[in-house]
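Peer 1:
Residue numbers (this note's numbering), protein chains in the order written: chain A, 1 to 208; chain B, 1001 to 1124.
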C-alpha cells in the first residue's frame, strides 16, 4: 500500500538529532479499515479502498452502509483508493495503521487548501499594485491589463482578482520526523495544505 | 484529541530537556553568560555568549526563546536562544538589574553610558 488517509492536527516545533529546531506538522493518520479490495478479475485493476473517520449509519445512504457492512467494518466518512505494492495481499476488514510509514523517509501530503473567497491580486498573485501615496489611484489594483488597439484584447490567463483557495494541492517530499504508532500520529517537516482538522492523504513520496 | 496531541508533543519536548537539567533561571535585564554547545565535525565544545537579556518570548511554552544583546567591537549583536534547547549547556547570571519593562528594546537606540541599567537591590 502506498498511502493512508489522515487528518491535520496542527503545527509545532521539535528538536532533531542535531539539536536543531524544526517546524513540523502533526498528522493523525489512520487506522484505516480496508473497505474493499479491487482485483483485475472483478474490477479490471488492483487497488484497495480504505476508510477513515467513523460515521453514523443513519447519515449515509443505505447503499453505502451495506458496502461497509459487506467488508465488516464500521461506516466511514471518507473513503479513498490506494494502489497495492507488488505481491501485497490484503483482505477486507484489515486495519492499516500509521506504522506503514516506519522506515519511510519522505512522504507526499495532499489536501484541500484553505478557502480565501474572492481575493484581490495582492493576495492571489502577489502583484505589487500601485503607489499608496502621491495621489495613487490604483492602490491595490492590478493597473493596466494590456494595450489598446494592438492586440485589442486581454491576453488569456491574465492575472486578475477571483476565487482563491479551496483547491486540491500536494506538498511533496516532506521528511518524516517521527512516527508515533500508539497515538496514530505522524510528524512531517514543513507545512501541509489545509486547515486544522482537514482530511489529508499521506502517500509515500513518489519522487524520492 | 486534536489539541491534546500537540500539547503532549510540546510537553515531551520540554521534559526531554528539563529531565536532564533544570531550566535556566534568569530575568529580563540580567547580565548573563550563555554557554552554547557547538559541534565541529565530531568534536563538541562550549562557547559562551555574554550580554544582557532584553526579551523573553513564548511564555513558558516549549518553544520559548530569550534574546541576549551585547556590544561587540562597537557593534550591537543580538542572539535569540530557545530556553529549552539541548544545545544550551547552562546560563549564568552575572548581574541583575531593576527594569520597568518586559522588553528592553529601547536599549537598541542607546549607546555608552545611557545604555546602562540600574543594578537591582538585594531586596527585590
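C-beta atoms are modelled at their ideal positions from N, C-alpha and C, and glycine is treated no differently.
Check for me: the alpha helix (DSSP H) holding residue 25 of chain A runs from which residue to which?
Peer 2: No alpha helix (DSSP H) contains residue 25 of chain A, which is instead part of the beta strand (DSSP E) from 21 to 29.
Peer 1: Suppose only complete runs of 3+ residues qualify. What are the beta strand (DSSP E) ranges in the region 136 to 172 of chain A, listed by chain order?
Peer 2: The region 136 to 172 of chain A contains these whole beta strand (DSSP E) runs: 162 to 164.
Peer 1: Can you name the start and end residues of the beta strand (DSSP E) that residue 40 of chain A belongs to?
Peer 2: Not the beta strand (DSSP E): residue 40 of chain A falls in the alpha helix (DSSP H), residues 40 to 43.
Peer 1: Buried or exposed: residue 144 of chain A, going by 16 or more other Cβ atoms within 10 Å of its Cβ?
Peer 2: Per the 10 Å Cβ criterion, exposed.
Peer 1: Let me see if you follow: with CB-CB separation under 8 Å, is residue 1086 of chain B close to chain A or not?
Peer 2: Judged by the 8 Å Cβ criterion, residue 1086 of chain B is in contact with chain A.
Peer 1: With a cut-off of 8 Å, does the C-beta of residue 48 of chain A fall near any C-beta of chain B?
Peer 2: Cβ-Cβ to chain B under 8 Å: no for residue 48 of chain A.
Peer 1: What are the start and end residues of the alpha helix (DSSP H) that includes residue 1045 of chain B?
Peer 2: Premise fails: residue 1045 of chain B lies in the beta strand (DSSP E), 1043 to 1057, not in any alpha helix (DSSP H).
Peer 1: Can residue 82 of chain A and residue 47 of chain A be called in contact, C-beta distance under 8 Å?
Peer 2: Closer than 8 Å, so yes.
Peer 1: What residue range does the beta strand (DSSP E) around residue 7 of chain A cover?
Peer 2: Counting along the chain, the beta strand (DSSP E) containing residue 7 of chain A begins and ends at 3 to 15.
Peer 1: Examine the Cβ distances between the region 94 to 108 of chain A and the region 33 to 52 of chain A and report whether three or more of them are shorter than 8 Å.
Peer 2: As far as the Cβ criterion goes, the region 94 to 108 of chain A touches the region 33 to 52 of chain A, which means the pair count is three or higher.
Peer 1: Counting only beta-carbon separations shorter than 8 Å, does residue 26 of chain A have a partner in chain B?
Peer 2: Yes, because at least one Cβ of chain B sits closer than 8 Å to the Cβ of residue 26 of chain A.
Peer 1: Nearest to residue 1034 of chain B by alpha carbon, out of B:1114, B:1116, B:1121, B:1093?
Peer 2: Taking only the C-alpha atoms, the option nearest residue 1034 of chain B is B:1093.
Peer 1: I'd like to know whether the C-beta atoms of residue 1053 of chain B and residue 1080 of chain B end up nearer to each other than 8 Å.
Peer 2: Cβ distance not < 8 Å, so residue 1053 of chain B and residue 1080 of chain B don't count as in contact.
Peer 1: From this set, A:202, A:14, A:183, which residue's C-alpha is nearest residue 111 of chain A's C-alpha?
Peer 2: Nearest C-alpha to residue 111 of chain A: A:202.
Peer 1: Under 9 Å Cβ-Cβ, which residues of chain A neighbour residue 1006 of chain B?
Peer 2: Simply 9, 10, 11, 12, 26.
Peer 1: What does the Cβ neighbour count give for residue 1069 of chain B, buried or exposed, with the cut at 16 atoms within 10 Å?
Peer 2: So residue 1069 of chain B ends up on the buried side.
Peer 1: Taking the beta carbon of residue 49 of chain A as the centre, do at least 16 other beta carbons fall within 10 Å, making it buried, or is it exposed?
Peer 2: So residue 49 of chain A ends up on the buried side.
Peer 1: Does the structure place the region 184 to 194 of chain A close enough to the region 128 to 143 of chain A that three or more beta carbon pairs sit under 8 Å?
Peer 2: These segments do not touch.
Peer 1: Does any residue of chain A have a CB that is nearer than 8 Å to the CB of residue 1024 of chain B?
Peer 2: False, the Cβ-Cβ gap to chain A never drops below 8 Å.
Peer 1: Report yes or no: is there a C-beta of chain B within less than 8 Å of the C-beta of residue 182 of chain A?
Peer 2: Answer no: the Cβ-Cβ gap between residue 182 of chain A and chain B never drops below 8 Å.
Peer 1: Which of the three DSSP states is assigned to residue 1112 of chain B in this structure?
Peer 2: Reduced to three states, the DSSP call for residue 1112 of chain B is helix.
Peer 1: If the cut-off is 9 Å on Cβ atoms, which residues from the region 1063 to 1088 of chain B count as contacting chain A, listed in chain order?
Peer 2: Within the region 1063 to 1088 of chain B, the qualifying residues are 1063, 1082, 1084, 1085, 1086, 1087.
Peer 1: Look at the alpha carbon of residue 205 of chain A and the alpha carbon of residue 199 of chain A, and state the distance between them as a whole number of angstroms.
Peer 2: Rounded to the nearest angstrom, the two C-alpha atoms are 18 Å apart.
Peer 1: According to the Cβ coordinates, are residue 1038 of chain B and residue 1086 of chain B closer than 8 Å?
Peer 2: For residue 1038 of chain B and residue 1086 of chain B, no; Cβs fall outside 8 Å.
Peer 1: Can you tell me which of the three DSSP states residue 110 of chain A falls into?
Peer 2: Here residue 110 of chain A sits in strand by DSSP.
Peer 1: I believe residue 24 of chain A touches residue 171 of chain A by the beta-carbon criterion, under 8 Å. Please report the beta-carbon distance rounded to the nearest angstrom.
Peer 2: The pair is not a contact, with the Cβ atoms about 13 Å apart (cut-off 8 Å).
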